[in-house]
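All residue numbers for the sequence shown refer to my numbering, where the first residue is 1 and numbers rise by one.
Every residue gets a Cβ at the ideal spot worked out from N, C-alpha and C, and that includes glycine.
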Amino acid sequence: MTTAPIASRQISQRAAFVLLGIATAIAVLPVLFIVVYTVVNGADAISWTFLTQDPSQAGKAGGILPAIVGTFCLMLGTLFFALPIGVMAGIYLTEYARQNWLTRFINMAIVNLAGVPSIVFGLFGLGVFVLAFHFGLSLLAASLTLASQALAMVITSSREAILAVPREHRDGSLAVGATKWQTVRHVVLPQALPGIITGAVLAISRAAGETAPILVTGAAFLLPGLPSSPFDQFMALPYHLYTVAAHVPGMSKTIMWGVALVLLLVVLSFDVLAAIIRFRSRQRV
Numbered sequence: 001m002t003t004a005p006i007a008s009r010q011i012s013q014r015a016a017f018v019l020l021g022i023a024t025a026i027a028v029l030p031v032l033f034i035v036v037y038t039v040v041n042g043a044d045a046i047s048w049t050f051l052t053q054d055p056s057q058a059g060k061a062g063g064i065l066p067a068i069v070g071t072f073c074l075m076l077g078t079l080f081f082a083l084p085i086g087v088m089a090g091i092y093l094t095e096y097a098r099q100n101w102l103t104r105f106i107n108m109a110i111v112n113l114a115g116v117p118s119i120v121f122g123l124f125g126l127g128v129f130v131l132a133f134h135f136g137l138s139l140l141a142a143s144l145t146l147a148s149q150a151l152a153m154v155i156t157s158s159r160e161a162i163l164a165v166p167r168e169h170r171d172g173s174l175a176v177g178a179t180k181w182q183t184v185r186h187v188v189l190p191q192a193l194p195g196i197i198t199g200a201v202l203a204i205s206r207a208a209g210e211t212a213p214i215l216v217t218g219a220a221f222l223l224p225g226l227p228s229s230p231f232d233q234f235m236a237l238p239y240h241l242y243t244v245a246a247h248v249p250g251m252s253k254t255i256m257w258g259v260a261l262v263l264l265l266v267v268l269s270f271d272v273l274a275a276i277i278r279f280r281s282r283q284r285v
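(1) Looking at the unbroken alpha helix (DSSP H) that takes in PHE81, where does it start and where does it end?
(2) To the nearest angstrom, report how far apart LEU163 and PHE17 are at their CA atoms.
(3) Going straight from the alpha carbon of LYS60 to that of VAL87, what length do you get?
(4) So ARG206 is in the alpha helix (DSSP H); what residue range does that whole segment cover?
(5) What residue range is occupied by the uninterrupted alpha helix (DSSP H) comprising TYR242?
(6) Using the rule of at least 16 other Cβ atoms within 10 Å of the residue's Cβ for burial, across every protein chain shown, is THR179 buried or exposed?
(7) Could you pull the DSSP bridge partners for GLY62 from this structure?
(8) Less than 8 Å between C-beta atoms, sequence neighbours within five positions excluded: which residues of the same chain meet that for ILE46?
(9) My output table needs one value for PHE135: the three-state DSSP class, helix, strand or coil.
(10) Note down the Cα distance separating MET1 from LEU19, rounded to an integer number of angstroms.
(11) Mind checking whether ALA274 and VAL201 have CB atoms under 8 Å apart?
(12) May I ask which residues mark the beginning and end of the alpha helix (DSSP H) holding THR103?
(13) With a 10 Å radius around its C-beta and 16 neighbouring C-beta atoms as the bar for buried, classify LEU32 as buried or exposed.
(14) Closest by CA to TRP48, which one among GLN57, ALA58, SER56 and GLY62?
(15) Let me confirm a value: PHE129 is counted as buried when at least 16 other C-beta atoms fall within 10 Å, else exposed. Which label applies?
(16) For VAL188, count the other beta carbons within 10 Å of its own beta carbon; 16 or more makes it buried, fewer makes it exposed. Which is it?
(17) Just how far apart, CA to CA, sit PRO230 and GLN191?
(18) Under three-state DSSP, which class holds PHE234?
(19) Would you check if there are 3 or more beta carbon pairs closer than 8 Å linking the stretch 131–147 to the stretch 206–226?
(20) Mind checking ILE110: buried by the 16 CB within 10 Å criterion, or exposed?
(21) So, for GLY90: in the same chain, excluding its five sequence neighbours on each side, which residues have a beta-carbon less than 7 Å away from its beta-carbon?
(22) Counting only C-beta atoms, is GLN99 closer than 8 Å to chain B at any point?
(23) Flag this pair as yes or no: are the beta carbons of ALA256 and GLY70 separated by less than 8 Å?
(24) Apart from the five residues just before and just after ASN112, which ones in its own chain have a Cβ nearer than 7 Å to its Cβ?
(25) By the 10 Å Cβ neighbour count, where 16 or more other Cβ atoms means buried, how is GLY210 classified, buried or exposed?
(26) Using the Cβ count rule (16 or more neighbours within 10 Å means buried), how would you classify GLN149?
(27) Go to HIS169, then tell me how far its alpha helix (DSSP H) extends in each direction, as first and last residue.
(28) Give me, in chain order, the residues of the same chain whose beta-carbon lies closer than 8 Å to that of ARG185; leave out the 5 immediate sequence neighbours on both sides.
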């Protein structure tokens with residue numbers, strides 16, 4: 001009597017397993033194809049000269065060192081501004097703010113902020129940081145603009161990571177006499193840190209590939225040297241790739257794919273560093 005229902009459940013489970021596997025493959029295969037295609041087409045451009053010299057002849061010769069350095073500076077600047085503010089906002093919304101219509105409105109606004117087109121953030125940065133705050137076209141203005149764009153993802157990931165910490169851990173800390181802030185600092189944050197780092201990495205990785213926001217806030221195509229202060233203009237890999245691909249006639253496709261490959265490696269190196277930090281933080285918990 002029970003054989004048929006059991007067989008039916010097994011068939012349903014296998015069908016679900018197959019469908020989920022197919023969905024996973026559909027999601028992963030395009031990413032692998034892009035990575036492999038970029039490596040195959042751009043590997044020939046990678047050399048010591050390409051990585052350590054300044055560009056010349058409108059990017060057709062020389063290297064892309066200023067663009068690499070500028071991209072790293074941009075990522076670090078975005079992380080410097082977005083991570084503390086985003087994490088503190090996430091802590092306040094989950095641990096201190098009362099759950100009422102105002103906090104629901106704020107949470108909805110944060111979610112909607114993640115869907116704002118990047119060019120809108122660029123115009124915002126141009127109007128506020130470049131013109132109103134008189135930072136000019138600079139690395140600082142571009143970093144603040146990208147940090148504004150990354151805030152939504154950092155806040156959301158911080159909230160979800162903090163909410164995932166079991167309530168019993170908070171109650172146990174408060175029961176032994178710890179204050180609210182001591183509980184948040186020594187109990188909640190260490191357990192939520194891996195999730196916070198993951199969200200920050202995703203936000204910064206997305207910011208590293210943005211072109212529109214930095215286009216109007218400080219990125220330049222060809223500069224004689226590296227930026228010496230946050231108020232200098234800078235080169236960046238996404239803007240350099242956009243320019244050589246769309247506005248430089250006769251540009252070698254190998255060089256274009258080489259720039260794309262370096263950008264991919266820069267983002268992956270940042271992801272690997274964050275993964276190491278996340279792994280060590282999990283070991284300490």
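In terms of the structure at hand:
(1) Secondary structure note for PHE81: its alpha helix (DSSP H) is the uninterrupted segment 65–91.
(2) Approximately 30 Å, taken between the alpha carbons.
(3) 43 Å
(4) Boundaries of the alpha helix (DSSP H) around ARG206: 189–208.
(5) 237–246
(6) exposed
(7) PRO55
(8) GLY258, LEU261 and VAL262
(9) coil
(10) In this prediction, MET1 has a pLDDT of 47, which is less than 50 and means its spatial position is unreliable; nothing more can be read from the coordinates.
(11) yes
(12) Here the alpha helix (DSSP H) through THR103 covers 101–113.
(13) exposed
(14) GLY62
(15) buried
(16) buried
(17) 34 Å
(18) strand
(19) yes
(20) buried
(21) ILE155, SER158, ARG159 and ILE162
(22) Protein chain content of the structure displayed is limited to a single chain, and chain B is not contained in it.
(23) With the sequence shown as reference, residue 256 is identified as Met, and Ala is not the correct amino acid for it. It is not a contact, given that the beta carbons lie outside the stated cut-off.
(24) none
(25) Per the sequence presented here, residue 210 reads as Glu, with Gly not at that position. GLU210 should be labelled buried.
(26) Buried.
(27) 167–175
(28) none
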